[in-house]
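Reading through the structure tokens given below for one structure.
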Amino acid sequence: MTDFRSWSSGPRRTEGGIRARSQRGAIGESWWSKRFLSVLESFDYGPRLARGRNYARRGQVLELRVNPGRVDASVQGSRVRPYQVRLEVTVLSEAEWDRAEAAMAERALFAAKLLAGEIPPQIEEVFDACGLTLFPRASGELASSCSCPDHANPCKHVAAAFYLLAETFDDDPFLVFAWRGRTRERLMEGLRAWQDGDEPPAVLEMPQLPEPPPLEECLSGFYEMGPVTGAIPPPRAAETPDALIRQMGRVGVRAGRPDLAELLGPLYAALARAAEERGLG
7 MTDFRSWSSG PRRTEGGIRA RSQRGAIGES WWSKRFLSVL ESFDYGPRLA
57 RGRNYARRGQ VLELRVNPGR VDASVQGSRV RPYQVRLEVT VLSEAEWDRA
107 EAAMAERALF AAKLLAGEIP PQIEEVFDAC GLTLFPRASG ELASSCSCPD
157 HANPCKHVAA AFYLLAETFD DDPFLVFAWR GRTRERLMEG LRAWQDGDEP
207 PAVLEMPQLP EPPPLEECLS GFYEMGPVTG AIPPPRAAET PDALIRQMGR
257 VGVRAGRPDL AELLGPLYAA LARAAEERGL G
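Everything in the sequence shown is counted per my numbering, starting at 7 for the first residue and increasing by one.
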């Protein structure tokens, strides 16, 4: 006989659960995790998402694994045995990934951004142009299930897994692609292959320059600045000054609680901004 009293009570306290970093306000730091959650919230799931957010913040999600086309999670509810949650999305075929990679390879900034651990904001436009989607756009494109007795779908356990998945995307944006069936290694290998197969850029013809005057006629003005032929661009910091740190990932050395890479990244960015401000006067 099912004990509905235990099911209707609050969840059991957990030890060592995955607690959401955001304990108030919105969950998700990067634009891609926020985009993923905004899609879910557009599906009109009602208060179940809010209850799931509370579960995520309490650490009720014990485990979460991202696989091609599937996310498996273990969520502690009111019963002794944790509930098993599954989130499923369609895996893109090899031909579809080939189209997407070819379109991404046409934009040089994409590979640089991905190597720096970021997803370019224009990536959805690229997938759209290929007739594909990176994030599910309708509830029918995303399937979810839970072993709990709640008939509502998604239940609060599924919603908790959604929120923890968004923070997992913050930590490793390549899991967005892995969920769709492309690992980081395969994606970067595909981008390099398309770039290597591109035709070499056309050689620019240099304009004919006038013959310089004889050396003896230039000695008197050797230390004088010649005419400025164009505006000198102001110095600008690199768009991702901490790209090298991001590529290394966690270095396994801790300075206090955070990993050393987490401390060095903001420091690189601050130094780049200071150098740019000094260069601009």
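We put the CB at the ideal spot given by N, CA and C, even for glycine.
Bear in mind that the values here come from a model prediction, so they are computed numbers and not experimental data.
### Task
List the residues that DSSP assigns as beta-bridge partners of Ser-150.
Leu-93
### Query
Tell me the DSSP bridge mates of Ser-80?
Glu-69, Gln-90
### Task
Express the C-alpha separation of Leu-115 and Ala-208 in angstroms, rounding to a whole number.
Residue confidence for Ala-208 is low, a pLDDT of 39 falling below 50, so the modelled location carries little weight and cannot support an answer.
#### Entry: Reference Asp-177; option with closest CA among Leu-273, Glu-35, Arg-19
Glu-35
### Query
Whole-angstrom Cβ separation of Leu-80 and Glu-94, contact assumed at under 8 angstroms?
It is worth fixing the name first, because residue 80 is Ser in this sequence and not Leu. Ser-80 to Glu-94, Cβ: 16 angstroms. No contact.
### Task
Give the DSSP-derived three-state secondary structure of Ile-129 in the structure shown.
helix
### Query
Exposed or buried, what is Leu-46 when buried is set at 16 or more other beta-carbons lying within 10 Å of its beta-carbon?
buried
### Task
Taking Ala-18 as the reference, give the member of Ser-28, Ala-32, Tyr-51, Gln-66 with the closest Cα.
The sequence given here has Arg at residue 18, not Ala. Of the listed residues, the one whose Cα sits closest to Arg-18 is Gln-66.
### Task
My understanding is that Leu-98 touches Leu-138, with C-beta atoms under 8 angstroms, so please give their C-beta distance in whole angstroms.
6 angstroms
### Query
Are Leu-121 and Ile-129 close, meaning C-beta to C-beta below 8 angstroms?
no
### Task
Along the alpha helix (DSSP H) that carries Leu-121, what are the first and last residues, could you check?
114 to 121
### Task
Note down, in chain order, each residue of its chain lying with its Cβ closer than 8 angstroms to the Cβ of Leu-170, except the 5 sequence neighbours on either side.
Ile-24, Ala-26, Ala-62, Val-67, Leu-70, Ala-79
#### Entry: Nearest neighbour of Ser-145, chosen from Ala-280, Ser-48, Pro-272 [CA to CA]
Ser-48
### Query
Between which two residues does the alpha helix (DSSP H) harbouring Asn-60 extend?
54 to 64
### Message
Just to confirm the assignment, what range does the alpha helix (DSSP H) spanning Ser-44 have?
### Response
37 to 47
### Task
Locate the alpha helix (DSSP H) running through Arg-186, then write down its first and last residues.
No alpha helix (DSSP H) holds Arg-186; DSSP gives it neither H nor E.
### Query
Just the Cα atoms here: how many angstroms apart are Trp-38 and Val-86?
35 angstroms
### Message
Based on DSSP bridge pairs, tell me the residues matched to Ile-24.
### Response
Val-67
### Query
For the alpha helix (DSSP H) that contains Ala-108, what are its first and last residues?
100 to 111
### Query
Using the C-alpha atoms, what's the distance from Ala-199 back to Gln-29?
43 angstroms
### Task
Whole angstroms is fine: what's the gap from Val-72's alpha carbon to Ala-167's?
11 angstroms
### Task
For Phe-175, count neighbouring Cβ atoms within 10 angstroms of its own Cβ and tell me buried if that reaches 16, exposed if not.
buried
### Message
Let me make sure I understand the geometry here. Which of Glu-100, Ala-165, Ile-125 has the alpha-carbon closest to that of Gln-90?
### Response
Ala-165
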